[in-house]
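To keep things clear, I will list the structure first and then write my remarks on it.
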Amino acid sequence: MSDLAIRMSQITESVTLKLNALANEMIAKGEKVINLTAGEPDFNAPEESKEAVREALKNNLSKYTPVPGVNELRALVAEKTNRQQPAIQEKWKSDHVVISNGGKQAIFNSFMALLNPGDEVLIPAPYWLTYPELVKLAEGVPKFLKTTSTSDFKMTPEELKEAITPKTKILILNSPSNPTGSIYSSSEYEKIGEVLKSFPHLWVLSDEIYDRIHYGEIPFCSFLAAAPFLRDQTITVNGMSKSASMTGWRVGWTVSPLTVAKAISKFQGQTTSGINSLAQAASIAGLKIPDQQFLEQIESFRRRRDMVLEILEKSGKIEVCTPRGAFYFFIGIEKALKPAEDSVGFAQRLLEQQKVAVVPGNAFGEPRFVRLSFATKEDLLQEGCNRLVQFVEQSI
Ligand code: PLP
73 MSDLAIRMSQ ITESVTLKLN ALANEMIAKG EKVINLTAGE PDFNAPEESK EAVREALKNN
133 LSKYTPVPGV NELRALVAEK TNRQQPAIQE KWKSDHVVIS NGGKQAIFNS FMALLNPGDE
193 VLIPAPYWLT YPELVKLAEG VPKFLKTTST SDFKMTPEEL KEAITPKTKI LILNSPSNPT
253 GSIYSSSEYE KIGEVLKSFP HLWVLSDEIY DRIHYGEIPF CSFLAAAPFL RDQTITVNGM
313 SKSASMTGWR VGWTVSPLTV AKAISKFQGQ TTSGINSLAQ AASIAGLKIP DQQFLEQIES
373 FRRRRDMVLE ILEKSGKIEV CTPRGAFYFF IGIEKALKPA EDSVGFAQRL LEQQKVAVVP
433 GNAFGEPRFV RLSFATKEDL LQEGCNRLVQ FVEQSI
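Under the working numbering, think of the first position of the sequence shown as 73, with each following residue one higher.
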């Protein structure tokens, strides 16, 4: 009998690990693998943030900080969220904000604060692979609402209504989405909000970590901008990782009604305490940078997105949905699968034969798709996509 806790057998190890191990083995042998799996921007952290850390070091900013974060940072987060949610009646203040170790911990904290054993969390699929695992760790039950490419991987209000059960405690929203790049428009979110009006005990966790990364066709809309009447049952999650290219600094946050914010802080106080003091100083500087300063980076992502689109559309065997935000293509490869093969087998063959690494869709709840990140240098991205098309055309 294993000494390990039962919960360890209930969470799934990432299916990407196997592929990463294979990719690393190939790289170690000197093979040139084009890695299109990156879940992070390929830009450096802002100079302002780096300078703030140098300054913080000079000033010996090395003591514990308050559990929910330093006040200046919490106030800046509240301001940013209020700007994105102009119609809410009661504005957010620093008390509503808890700074955590990345968006991931912010989401886990929320589940720990809200879920009782057996409570269901409704997760639209395809989904970011960590959601169901964190739900299980918090003794909740993940339930999935399948969406397809025909609706740009977005659920309709009717589908949502149908999927909610008396046990549903939390609905997860993620727009722009990882892995699909879909964005809910303001009017789509408004309709989702109308459905949720009939469920006053249901919480929404809106993961807005890719807020800045969108390409203009459908502008980013914070959920509470479209459904301000749900302020008292919504947790907004965001952070510095994607929008400010600061993945390694580990700064994320929740903005929520006071009872939840206090519970999150209580939980975090006994698990990890306040986050790294230097990363908070960096984030204060990062949040003061005007949005316009990031436009060049977004434009660079947009150029790369358009280039990938042009290459992938050359193949009749790949199903391509244009991402409107984030930096991923979620592409259908069903026509290129061998009998009984799924995306894990496909990704493995692609890596072995063409030396291109992508993430199998199984990880995101969709075994006939793979995720390709375009946060990669243009020449490598172009070469990787060309090889992918060639591979798919030669399959079967
Ligand atoms: N939410 C989504 C949709 C993500 O894709 C990620 C990171 O990949 C996160 C949250 C977590 O971000 P962080 O690196 O800040 O923990």
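Ideal placement from N, C-alpha and C gives every residue a C-beta, glycine not left out.
Within the DSSP bridge table, the entry for GLY404 names GLU391 and PHE441 as partners. GLN425 is classed as exposed because its beta carbon has fewer than 16 other beta carbons within 10 Å across all chains shown. Taken in chain order, the complete alpha helix (DSSP H) segments of 4 or more residues contained in the stretch 115 to 139 are 119 to 130. Residue pairing for LYS215: DSSP places it in a beta bridge opposite LEU194.
DSSP places ASN246 within a strand segment (E or B) once states are collapsed to three. Where ASN310 is concerned, there is no enclosing alpha helix (DSSP H), although the beta strand (DSSP E) around it starts and stops at 306 to 311. Around the CB of ARG440, 16 or more other CB atoms lie within 10 Å, so the residue is classed as buried.
If you check the C-beta of ILE281 against the ligand PLP, you find a heavy atom less than 7 Å away. LYS241 sits in a strand when the DSSP states are folded into three classes.
Around ILE356, the same chain offers ALA124, VAL142, GLU144, LEU145 and LEU148 as residues with beta carbons nearer than 8 Å, after the five sequence neighbours per side are excluded. Each residue's CA atom was taken as its position, placing SER223 and PRO198 some 12 Å apart. For TRP325, the CB stays at least 7 Å from every heavy atom of the ligand PLP. Closest in alpha carbon position to VAL428, among ILE99, TRP325 and ASP191, is ILE99. Taking the Cβ of GLY175 as the reference point, at least one heavy atom of the ligand PLP falls within a distance shorter than 7 Å.
For a cut-off of 8 Å, the C-beta gap from SER294 to GLN156 is around 4 Å, short enough to register as a contact. For LEU277, the pairing in a beta bridge is given by DSSP as ILE244 and ILE307.
For ALA429, the pairing in a beta bridge is given by DSSP as ASN107. Within the stretch 364 to 388, the complete alpha helix (DSSP H) segments of 4 residues or longer fall at 367 to 384, listed in chain order. If you look at ILE171, you'll find it in the beta strand (DSSP E) that goes 169 to 172. With contact defined as three or more Cβ pairs closer than 8 Å, the stretch 283 to 290 and the stretch 388 to 406 are in contact.
Rounded to the nearest whole angstrom, the C-alpha separation of SER257 and ALA297 is 11 Å. The Cβ atoms of LEU243 and LEU194 lie closer than 8 Å to each other.
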